[in-house]
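As structure tokens, the structure follows; a few thoughts come after it.
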DNA sequence: CTACTTGCAAAATATTTGCGTTATT
DNA sequence: AATAACGCAAATATTTTGCAAGTAG
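Protein chains in written order, with our numbering: chain R, 1 to 140; chain L, 1001 to 1140.
Written out as structure tokens, the structure reads:
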């Protein structure tokens, strides 16, 4: 029997209001503002509980630190090289990816796609001529 | 100045001959057969060195344990739910994936795709209608 | 009440690092 | 001979767990 506690509610509410796929420690830092005596173990414990119950999902994408999000459906992620934020990417070709594997006899149940690069906020301004002296203009 | 050592050669040779994307500990277990006094730290140290030099690549796909491979080009992976082996998947739609993100203003430099499911060896025999017998009846 | 949950500290897991010694160039 | 690399142990970093005390149902 899972009991409702102030800690659980606060942790879930915090995650729901954070679109950047925070780590357990980020969530800990945030909930501590409202509940200073909460333990990091409680945060980890409840994030694991929610994950096991299928209410949230855990993203093991950023090397070492797990991140969490409220979405539980299959979708891609974009992880910025500079600010390290993680964004959701709606995939349109999941079918295609699956087919590639299926052709070789693999049975695909789900996938994890992480794109790396620069998010809009972290890209150097491209419209300004003033920075053109740096001469770095990435082209496809 | 990077010096050539028996340890480095053995570690690299072991990785080159293993197509299953082994972890550092797997590699350690393997090289110890030939060099019993080698240290796990040496394995980790050299895997990191090779990775930093771009000679091999590190895969952070399996939650906790890093895996390594000799390929350094961008490609996908299939991670079996049962045997936990990791296989290479040649992507044909990397462009498409990139475009999805680019349309939203993201600048994609590389990607990581991990498909989860069952590899050919771990799939239950599908031809049999009944599961009356424990023995698998291969009939390809 | 009594079973689940918390907070704290210690343990567990994975990887890195300090240091004195060994081996490569 | 100089210095990169090794082996070992200790240190880090992240997450989990044992336990006594607190709290929800």
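Here a beta-carbon is modelled for each residue, glycine too, at the ideal position from N, C-alpha and C.
All figures in this text were calculated on a predicted structure; none of them were measured in a lab.
Identity of the residue in the options nearest residue i by Cα
| i | options | result |
| --- | --- | --- |
| residue 1123 (chain L) | R:10, R:75 and R:109 | R:109 |
| residue 1114 (chain L) | L:1043, L:1011 and L:1090 | L:1090 |
| residue 87 (chain R) | R:117, R:102 and R:105 | R:117 |
| residue 104 (chain R) | L:1003, L:1078, L:1112 and L:1072 | L:1078 |
| residue 9 (chain R) | R:47, R:75, R:64 and R:59 | R:47 |
| residue 1061 (chain L) | R:112, R:2 and R:3 | R:112 |
| residue 1158 (chain L) | L:1012, L:1121 and L:1020 | Residue 1158 (chain L) lies beyond the residue range present for chain L, which begins at 1001 and ends at 1140; the question has no answer from this structure. |
| residue 1056 (chain L) | L:1080, L:1003, L:1019 and L:1005 | L:1019 |
| residue 54 (chain R) | R:74, R:80 and R:102 | R:74 |
| residue 1072 (chain L) | L:1080, L:1036, L:1059 and L:1064 | L:1059 |
| residue 2 (chain R) | R:85, R:49, R:76 and R:80 | R:49 |
| residue 68 (chain R) | R:4, R:121 and R:21 | R:21 |
| residue 1081 (chain L) | L:1121, L:1102, L:1026 and L:1039 | L:1121 |
| residue 1085 (chain L) | L:1026, L:1004 and L:1005 | L:1026 |
| residue 1005 (chain L) | L:1042, L:1064 and L:1076 | L:1042 |
DSSP state of residue i mapped onto helix, strand, coil
| i | result |
| --- | --- |
| residue 27 (chain R) | helix |
| residue 954 (chain L) | Because residue 954 (chain L) is not part of the residues shown, which for chain L are 1001 to 1140, the question remains open. |
| residue 86 (chain R) | strand |
| residue 43 (chain R) | helix |
| residue 1055 (chain L) | coil |
| residue 61 (chain R) | strand |
| residue 107 (chain R) | strand |
| residue 1122 (chain L) | helix |
| residue 138 (chain R) | Per-residue confidence for residue 138 (chain R) stands at a pLDDT of 34, beneath the threshold of 50, marking its modelled position as unreliable; the derived number appears in the next sentence. Looking at residue 138 (chain R) - three-state DSSP - the assignment turns out to be coil, as it is neither helix nor strand. |
| residue 20 (chain R) | coil |
Whole-Å CB distance - residue i paired with residue j, under 8 Å assumed
| i | j | result |
| --- | --- | --- |
| residue 70 (chain R) | residue 7 (chain R) | Contact flag wrong, Cβ pair sits at about 17 Å. |
| residue 1030 (chain L) | residue 1051 (chain L) | At roughly 18 Å, the Cβ-Cβ gap does not stay under 8 Å, so residue 1030 (chain L) and residue 1051 (chain L) are not in contact. |
| residue 1106 (chain L) | residue 119 (chain R) | 6 Å |
| residue 24 (chain R) | residue 66 (chain R) | 6 Å |
Residue i - partner residues in DSSP beta bridges
| i | result |
| --- | --- |
| residue 114 (chain R) | R:77 and L:1112 |
Inset, instruction - Quick one: which residues of the region 106–121 of chain R get their C-beta closer than 7 Å to a C-beta of chain L? List them in chain order. - result: 106, 107, 108, 109, 110, 111, 112, 113, 114, 115, 116, 117, 118, 119 and 120
Inset, instruction - Would you list, in chain order, the members of the region 15–29 of chain R that have their beta-carbon closer than 9 Å to a beta-carbon of chain L? - result: none
Legend entry - Contact set between the region 1002–1015 of chain L and chain R, restricted to residues whose Cβ is under 9 Å from the partner: none
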